[in-house]
Structures are given as C-alpha cells and as structure tokens.
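Colleague:
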Amino acid sequence: MEEIEKTLKAYNWNEESTIRILLNSNNKSMLKEFLPLFRRYTDAIIINYQEGLANRAMISIGKNTISLA
Numbered sequence: 174m175e176e177i178e179k180t181l182k183a184y185n186w187n188e189e190s191t192i193r194i195l196l197n198s199n200n201k202s203m204l205k206e207f208l209p210l211f212r213r214y215t216d217a218i219i220i221n222y223q224e225g226l227a228n229r230a231m232i233s234i235g236k237n238t239i240s241l242a
C-alpha cells in the first residue's frame with residue numbers, strides 16, 4: 174500500500190491520466206481498500222478482471238506497473 178501511495182504522489186497528474194487495475198477475479202474485495210485512495214487523485218479508473226492471475230492485482234499508474242502478490 175505504501176508503494177502505491179508513493180507512486181500516486183510522485184506521478185505528474187493531468188486531465189488524461191488514468192489508473193488501470195487488472196484484478197484477479199477471486200480478490201474483488203481489494204477494491205474497497207484501494208478505490209478511496211485512487212479517487213483522491215483521479216476518477217479515471219479502469220478495472221479489468223482475469224481468472225487465474227498469478228498476482229492478486231496489477232495496478233498501472235501511467236507507465237508504472239505495481240504487482241501485488
């Protein structure tokens with residue numbers, strides 16, 4: 174969570190900035206934890222689900238990708 178917060182603060186936000194989340198379909202409950210944090214920075218959030226994803230989630234903020242085990 175700290176790594177995500179640091180990346181969000183360091184990113185140069187503009188009107189076209191988005192956050193992309195590829196979420197393991199078994200871990201949808203993670204959204205309750207992360208969405209309030211992401212919405213502090215942008216409402217442009219894209220969420221995709223995938224079965225059998227090795228990590229619980231992969232979050233892309235601009236060109237930075239963070240994988241959560």
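Numbering (the working numbering), first residue to last: 174 to 242.
Positions of the beta carbon are idealized from the N, C-alpha and C atoms, including for glycine.
1) Ignore the nearest five residues each way along the sequence and tell me which others in isoleucine 232's own chain have a CB closer than 6 Å to its CB.
2) Mapping the DSSP letters down to three states, classify asparagine 237 as helix, strand or coil.
3) Compute the distance between the beta-carbons of threonine 149 and threonine 191, then report whether it is under 8 Å.
4) What does the alpha-carbon distance come out to for the pair glutamate 206 and asparagine 228?
5) Who are the near neighbours of isoleucine 218 in its chain, counting only those whose CB is closer than 6 Å to its CB and skipping five residues on each side?
Modeller: Taking the structure as given:
1) Position 59 of the sequence shown, counted from the start, is the residue given in the question as residue 232. Contacts found: Ile194 and Ile239.
2) Indexing the sequence shown from 1 puts residue 237 at position 64. Secondary structure at asparagine 237: strand, using DSSP grouped into helix, strand and coil.
3) What is shown of the chain runs 174 to 242, which leaves residue 149 out entirely.
4) Counting from 1 along the sequence shown, the entry for residue 206 is found at position 33. Counting from 1 along the sequence shown, the entry for residue 228 is found at position 55. Using only the alpha carbons, I get a separation of about 17 Å.
5) Here residue 218 refers to the residue found at position 45 of the sequence shown. Cβ neighbours of isoleucine 218 beyond the five flanking positions: Ile192 and Phe211.
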